[in-house]
Amino acid sequence: MVNYIDLTIQILVAIGVTALGFAIGMLFNGIARKITARIQNRVGPPIYQGYIDVLKLFTKKTNISHGWIFDLAALFSVAGIALAFLFLPVAGVSLLSGEGDLFLILYLLAIPALGFALGAGASGNPNAAVGIMRALMTMLAYELPLVMVIIAMMVYYDTTSLAVIVQKQANMHWAIFIPVFFIGALVADMALQGMLMEKPFDIPIAPHEIATGPMVEFGGKHLGALMLYKMMGIVVETTLFVDLFLGGGVILSVSQFGWLAYVVNFIVWFLLILFVFFIALLINAVFPRFRIEQALKFYWKYDALVGLLILIWIFVGVTP
Amino acid sequence: MMAKELFPEAQEIRKGRIRIETQKDKVGEIIKKLKDNSYEHFVMLSCVDWIKEGKFELVYQMWSYQYKEHVMISIKINRDGESMLSMRHLFPQIETYEREIHEMFGVNFIGNPNLKEFILEGWPHMPPMRKDFDTEKFVKDFYYKIPEVKEE
Amino acid sequence: MITLTIAIFLMGVIVVGLLNKYPKTAGIIAFFVSLIPFFALLSWSSVMNITLPSYLQFLNFETSWQYNLGPGTLILQITPLGWFFLLLLSSLFPMVILFSISYFRSNAGGFYAAMLLTMLGSFGILLAQDMLTFYIFWEIMSWSILALVIRGGDRKAIVSYLSFGALSAMLILFGFMLLYFKTGTFVFAEMHLDASNLVLAAITLIVSGFAVKGALMPMHVWAPHVYSKSEEPFVAFLSGGLSKLGYFGIMLFMYGVVGFSLLSSWGTFRGVPLFGYSLAVVGAFTAFAGTVLAVMQDDLRKLLAYSSIGQLGYIAIGLGIGTPLALTGALFQALNHTFFKAVLFLAAGAVYYRTGKYKISELGGLGYKMPFTFLASLFAIFALAAIPITSGFAAKWLLYEAAIEKKFLFVTPIMLIAGVGAFLYVYKILYGVFLGEPRYNVKEAPLSQLVPMWILVLPLIIFLIFPGWFVDLTAPILQGYEMTAIPHTPYTINTSLAKYNTLAVIFAFIGTLIFAFILYLSKPQEKVDHMDNYLAGEPPELYDYISMHASSKYYEPFEEVFYPYFKRGAERMWEIILAAGEVFGSGARKIYTGIVGDYSIYILLFFLIMVGWWLLW
Amino acid sequence: MNHENWSKLARIMSKRSLWMIHFCTGCGAMEMPPVMTSRYDMERFGMHAMATPRQADVFLVTGYLAVKTLKRVVQVYEQMRDPKYVIGFGSCTINGGMYWDSYNTIKDLSKYIPVDVYIAGCMPRPEAIMDSFLKLFDMIDKGEAIGWQKYHKYYDQYKRNQRMAFSYRLDEVKDIKEDDKE
Amino acid sequence: MTIQKEFELFIGPNHPGATGNMSYHIWVEGDKVKKAETRVGYLHRGFEKLMEKRIWMQNVPLVCRICVPEPDVNEASYSMAVEDLMGWEIPERAKYIRTIILEMARISAHLLTVGGIAASLGIYTAAQWGIGDRDYLLDVFEQITGGRVYHIYIWPGGVRWDLPKNTKELLTKVLDYLESRLPLYDDLIMNNKVFVRRAADVGVVPKDKAVEWGVTGPNLRAAGYEYDVRKLEPYAAYDKIDFEIPHYPKLGEYEVLSEGSDIYTRTAIRMLEIQQSIKIIRQALKDMPEGDVLLKHPQWFAWKVPAGYAYSHVESSKGEFGYFVVSDGEKKPVRVHVRGPSYTHGINVMETIAPGLNVADFAPTAISLDVCPPDIER
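Protein chains in written order, with our numbering: chain Z, 2 to 321; chain B, 486 to 637; chain L, 57 to 673; chain U, 560 to 741; chain X, 5 to 382.
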């Protein structure tokens with residue numbers, strides 16, 4: 002029998018966490034712009050600018066659409082990224098992450114991307130098509146080193162579940178303190194740069210080349226949905242990194258400290274994803290972007306080579 | 486060889502500025518000869534409207550990096566529809582200059598296939614750079630006559 | 057009943073062959089004949105421990121059938137494995153025939169005849185219990201495929217199919233002979249094999265023979281040519297259904313005839329039989345290379361062909377690893393591939409039917425014109441790309457889990473990257489064919505083409521929600537190999553490493569979709585014309601035509617990076633094939649005149665010679 | 560929340576996040592980089608340049624408009640989504656400025672598209688530009704920046720003037736009236 | 005229906021990669037540009053027509069509006085042409101002041117361009133810094149001339165007025181600041197590995213064609229010619245000042261990476277020219293004699309310029325900027341024709357080198373050629 006009270010609570014918590022994820026995402030947008038502005042000798046917008054922008058886009062009086070396939074982009078991108086977030090352990094709290102694993106998360110991240118690509122393609126603009134081509138190729142490029150590291154971790158921890166990986170890193174046994182995974186974290190951080198679409202891998206949206214690429218025809222609420230996707234994407238992707246290498250931000254055990262542990266873990270998680278994002282921003286501020294084939298070569302030559310070494314290391318070290 | 490040695494009819498108007506007045510069928514030959522003699526930088530092609538004489542003056546201007554000398558090859562053609570041979574095979578940028586002069590003065594260049602609209606778009610009147618086109622009158626008759634948007 | 061079935065099929069072949077001038081009638085007759093295997097399947101459902109209501113089992117087929125034929129006995133018997141693959145083929149086949157009814161406007165009798173013959177061959181292969189039967193039906197199938205390839209009329213395709221078909225047949229025949237030499241019997245159940253090198257050689261030969269049909273690299277060379285130069289309904293059946301027969305054969309001989317313990321006795325590597333390990337590596341390479349090659353194609357059918365090769369590689373990986381998890385994954389992948397690839401090929405056929413174009417760079421903007429074709433292929437594409445809102449994901453997930461469970465450190469990244477690469481080529485199809493600039497003013501495909509497509513989409517949705525039902529199907533098969541099915545409930549699958557709960561995914565997705573939908577409905581919108589687009593401010597009315605479809609050479613940077621690595625390999629391979637094929641083909645070309653009637657006679661002659669040979673022996 | 564409060568909120572959001580279209584129509588664009596960058600930094604107000612008209616809210620018509628450009632400006636303006644605002648930048652948009660007798664530049668921008676705020680000067684200093692932003696904020700707050708509503712309301716008149724300008728002929732008006740009748 | 009394989013993109017006018025209000029209509033297949041057409045005319049004001057309607061002196065405020073990023077070259081070139089026809093020799097101090105003003109304009113234009121090239125490849129920080137630092141120069145301009153952008157300071161016969169008293173200190177301070185910033189730009193742009201990969205061997209103007217195509221200025225020097233109007237035909241006080249012409253392959257502290265004039269070399273040349281300009285201004289400030297800055301000439305409205313033809317050219321930050329002036333001895337010119345360097349760079353050079361360019365490299369190439377549309381169509 003299904004326990005309806007538990008189910009309701011679960012659903013409410015899920016809604017709350019999703020809302021929180023979006024809220025943090027929008028805050029991160031403001032923080033990012035502020036930090037970038039400081040690097041560029043500017044004052045920058047207020048830190049809550051992300052909220053204003055999204056609200057403004059959703060309050061535009063008229064919107065355009067290129068047909069129902071175009072609208073799929075807005076739906077799929079928001080829904081898909083929220084879905085991916087629900088399957089991630091956040092600060093050690095796993096909502097649905099027990100129900101799926103890392104492979105699922107990797108594929109869930111493709112839902113918003115593919116939905117976005119559908120909408121952009123339906124807009125019929127060549128800029129958008131070129132942008133999507135670049136986005137998909139960037140994805141192919143950074144996935145190789147990323148999955149190499151992730152698979153090394155899966156084999157090392159003998160699980161594919163992210164929740165279990167986080168659990169096994171409890172009591173500060175973070176993966177990043179293991180030498181091989183410290184290198185792995187560096188490899189994954191480069192991949193994260195591509196995932197976050199920060200320079201030198203912001204090739205898909207390069208404004209000077211293809212006028213913001215896929216987003217070229219999006220305005221109003223459609224663009225608002227895409228911005229939500231992008232902002233939430235920051236939270237999802239940095240959380241994935243933190244879960245993999247930094248123990249998900251768990252420093253206090255819930256069984257020992259009770260609710261205090263939730264609060265502290267949450268703060269630590271927030272600081273850690275902010276830190277990871279901050280590094281990405283610093284790199285973003287001082288690099289130009291690659292051409293697409295250069296990005297592919299960079300990831301598959303250098304990053305993946307290190308990833309291969311990690312795999313060999315694990316291959317030798319772990320006996321089946 | 487310097488321009489003065491090549492063409493005795495060339496006159497030096499001031500230091501480093503040579504002017505050659507010639508006929509329109511000799512232009513190609515002169516430019517070619519100058520180009521071969523280190524006058525390899527084509528500066529520009531100008532058109533001057535001498536309305537009193539009823540002539541257009543086309544001035545081909547070249548520069549020699551070696552002799553530091555500027556040569557103006559000047560020809561005059563009739564204002565009323567005389568054509569000129571295109572020199573686009575000698576320097577690629579001449580094509581653009583001819584295109585502009587065609588549009589702004591109405592001079593036809595034979596052998597230039599690319600004389601389509603360049604700067605203006607849908608211009609229905611006389612080529613505007615001609616002296617007999619009165620821009621002030623045009624502005625007063627046109628732009629100032631466009632009605633304001635009346636708000637009820 | 058089986059005798060009757062074979063008789064009906066053969067009669068059907070003759071009848072539809074004669075009705076060449078009446079394609080519609082021939083098609084309808086062929087459709088009714090094509091339903092018979094499916095009824096047989098229903099009546100045999102007890103093999104899989106499924107009890108169906110009696111009104112679905114109105115035809116009662118016997119479970120085993122024997123025919124005494126000189127040197128041996130032909131034995132047909134339904135087994136769980138045969139039942140499973142028959143499920144794929146017999147549900148696909150009527151749909152393909154249904155699709156063809158409106159697809160062919162003329163000259164279709166030969167097509168239906170050959171198709172029925174192909175199905176008859178497959179039917180026999182799946183039920184065969186001895187090598188003799190297996191081989192006879194295998195040849196029937198192969199030769200009738202040849203007739204269909206010849207209908208396509210491309211010399212390269214014919215030569216390559218002929219050479220590879222012959223190679224495949226020879227390998228299999230040689231393997232069978234070795235096995236017969238070793239055991240003295242044709243019947244699978246009576247073979248008692250030991251861990252000798254002779255058996256290893258036999259099984260290697262047999263598996264490589266089947267790999268040709270399964271388009272495993274490097275035996276894939278024929279596939280792109282045949283897939284891209286034959287008629288679409290046949291290609292759908294070839295790629296969706298017939299290619300599975302190769303894997304059926306591999307599975308039958310590796311796990312049914314030889315068995316997991318015997319495979320292990322030839323050496324293991326990190327807990328996996330060495331034989332299986334190498335098959336898995338070949339499969340991973342196929343998956344990756346097939347994907348990369350698919351990304352580079354411009355011809356829609358070639359793209360789908362290479363994509364088939366890539367996706368079939370996953371099955372080989374599963375069969376190679378050989379744990380219950382992996383075999384379940386492989387079978388699941390086989391099922392998914394049958395349906396989504398058939399849908400995609402049929403959609404390509406529908407697109408061709410309406411526009412007459414196969415080149416992706418020449419198509420475009422059909423999504424709004426043919427919305428149902430688009431949606432069906434979108435679903436198929438989601439399944440192909442293993443998006444977790446179709447059953448395609450469950451299959452890939454099982455394979456990944458199996459690989460990680462066995463600590464396949466180097467194979468798994470390749471599998472995953474091939475999965476990501478799939479996004480690239482599916483987007484090429486989506487954008488190039490269905491999205492972008494509307495270039496054609498065409499109608500939606502006819503209903504008789506849409507219905508089969510949508511029926512074939514159904515399994516992808518059902519097994520998305522209840523992957524556990526699929527695991528139930530595998531239980532009897534695995535039981536036969538002394539394995540137990542993986543732990544599951546109708547909507548969850550558990551492995552030693554993780555758990556996959558489809559209900560959680562679906563409900564969460566519906567929830568977030570509702571959230572997105574509320575946001576989306578917050579403001580009204582207006583639809584704008586395609587030309588009301590961002591052109592950097594240029595007013596479109598100033599231009600006669602602005603080409604805005606970027607699909608030609610869509611992945612040019614990708615091609616520039618990868619082409620040099622693939623060009624030489626593929627070309628050299630092709631040279632060898634041509635040299636071999638030329639020897640075989642130059643004589644053959646005189647015989648292959650291009651008239652379907654002739655080929656039927658050849659096939660009949662071959663049949664007689666074959667039977668005669670067996671009788672004399 | 561009732562409708563009035565809602566639209567007030569919308570106005571507040573809209574004013575604090577005005578995205579400018581990246582379109583340098585004239586030499587006034589030269590003073591835009593300083594405004595955008597570290598010296599004056601208009602991102603303080605939440606404003607930044609967007610590439611395409613679909614994304615943008617405010618159009619800075621930076622300086623004189625050749626008729627050829629006016630076509631593009633109108634195209635871009637019509638592609639922008641409501642609410643949208645126009646700032647006429649420099650004397651040239653007001654009365655033609657330096658180019659009062661030029662045959663190819665329009666003299667009064669508000670004849671062709673509605674303008675919410677004008678900035679005088681050739682060229683206006685960044686301070687003036689920033690001031691115009693504040694003025695626009697103020698107008699949006701009070702609900703006075705209604706150029707886009709005017710454009711809908713007097714669409715015929717704007718369209719007539721645009722067509723006249725595009726054809727360089729006054730008599731184009733007649734044709735339009737006939738068109739409208741049809 | 006025939007299917008066109010290429011798709012069409014418009015780089016401009018409303019495009020972040022456009023170099024001002026102009027447009028490239030490009031045909032692209034896959035990732036490569038197959039054909040490019042330059043569309044100009046969006047900024048056409050009919051300057052040359054307007055100048056025929058105005059008296060000689062009234063044209064000075066008009067000419068500076070031809071090239072916005074660097075208006076002073078127009079004033080200088082026009083004034084030189086008029087002085088040429090009049091036969092005037094301007095006072096020595098005015099020559100030095102002109103030099104200072106022109107070099108300041110060069111620095112500010114180069115900062116804008118280098119920032120623009122960097123931004124087009126993605127280093128927005130460089131653009132922000134560049135434009136921010138340029139503003140300090142604009143402050144100096146404002147103090148000297150009263151205007152930030154349009155200065156109308158160089159007149160036929162000299163300059164309008166003498167430098168204010170504290171200009172020297174202010175300018176020195178700004179130059180010191182700029183010099184301290186240059187190493188940062190080097191780190192951010194020129195020594196950036198990703199920048200080098202993106203910029204080297206991209207958008208190459210071949211050396212053997214450069215002169216014939218009419219390439220001038222930094223773009224020509226990047227191709228390997230040591231041609232500079234300041235040395236070839238010294239104007240203002242350049243003949244008395246010691247400076248170098250940075251050209252390929254003498255790239256100073258920068259690595260020599262490629263043949264011909266590519267994005268990287270063009271950027272390097274501009275960075276080096278900023279250094280040279282700072283050096284020139286320092287010298288000019290030091291050597292500047294005292295005295296008049298403007299010739300005593302008749303009332304402006306009464307000028308009649310002797311009949312004749314004159315061509316004067318100056319080295320702008322983009323290339324050779326020339327004025328062809330024809331007078332018939334009246335109060336108004338008969339014809340003034342402006343030769344903008346972008347006329348060749350933007351049209352025939354761009355259209356010739358575009359086929360084969362990667363679509364990602366198109367805008368950076370155009371920006372690094374420093375195409376400025378107003379001097380094409382005027």
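C-beta: ideal position from N, C-alpha, C; glycine also.
In chain order, G333, E334, K335 place their CB closer than 8 angstroms to the CB of K308(X), counting only its own chain and leaving out the 5 sequence neighbours on each side. Residue range 356-377 is occupied by the alpha helix (DSSP H) that includes R357(L). Under DSSP, the beta-bridge partners assigned to A608(U) are M579(U).
In this structure, V178(X) lies away from I101(X), with their beta-carbon atoms at least 8 angstroms apart. Straight-line measurement puts the Cα of A704(U) at about 27 angstroms from the Cα of M228(Z). Inter-residue distance for G405(L) and R326(L) is about 46 angstroms (C-alpha atoms, whole angstroms). Taking 8 angstroms as the threshold, the shortest C-beta distance from A130(Z) to chain U does not fall below it. According to the DSSP assignment, W548(B) belongs to the beta strand (DSSP E) that extends over 540-549.
Here E12(X) carries a strand assignment [DSSP, helix/strand/coil]. Contact between T161(Z) and D102(Z) holds, since their C-beta atoms are separated by about 4 angstroms, short of 8 angstroms. By the 16-neighbour rule on beta-carbons within 10 angstroms, A560(L) is buried. Straight-line measurement puts the Cα of P598(B) at about 23 angstroms from the Cα of V533(B).
Within 9 angstroms of the CB of Q708(U), no CB atom of chain B is found; the nearest one sits about 11 angstroms away.
Burial state of S578(L) is exposed, judged by a 10 Å Cβ sphere holding fewer than 16 other Cβ atoms. Taking 8 angstroms as the cut-off, the beta carbon of G256(X) is found no closer than this to the beta carbon of P368(X).
A distance below 7 angstroms between beta-carbons, with the five flanking residues on each side excluded, links A113(X) to the following residues of its chain, in chain order: P73, E74, S321. Setting aside the 5 residues that flank it on each side, G305(L) is surrounded in the same chain by F266, each with a C-beta closer than 6 angstroms to its C-beta; the list follows chain order. When the beta-carbon positions are compared, D667(U) and E621(B) stay at least 8 angstroms from each other.
Minimum Cα-Cα distance from F541(B) among the listed residues V556(B), E567(B), M529(B), N522(B) corresponds to E567(B).
Taken in chain order, the members of the stretch 5-33 of chain X whose beta-carbon sits within less than 8 angstroms of a beta-carbon on chain Z are F11, E12, L13, H19, P20, G21, V32. Beta-bridge partners of W159(X) (DSSP): G162(X). Secondary structure of R719(U) (DSSP, three-state): helix. Counting only the Cα atoms, A386(L) lies some 19 angstroms from T545(L).
Contact of M698(U) with chain B by beta-carbon distance below 7 angstroms is absent, the smallest such distance being about 17 angstroms. For A176(Z), same chain residues with a beta-carbon under 7 angstroms away, outside a window of 5 residues either side, are M154, Q170, F182, L245, F246 in chain order. No Cβ of chain U is located within less than 8 angstroms of the beta carbon of Y576(L). Taking a 10 Å sphere around the C-beta of K635(B), we find fewer than 16 other C-beta atoms and assign the residue as exposed. Taken in chain order, the whole alpha helix (DSSP H) runs of length 4 or more contained in the stretch 201-260 of chain Z are 208-211, 221-246, 255-258.
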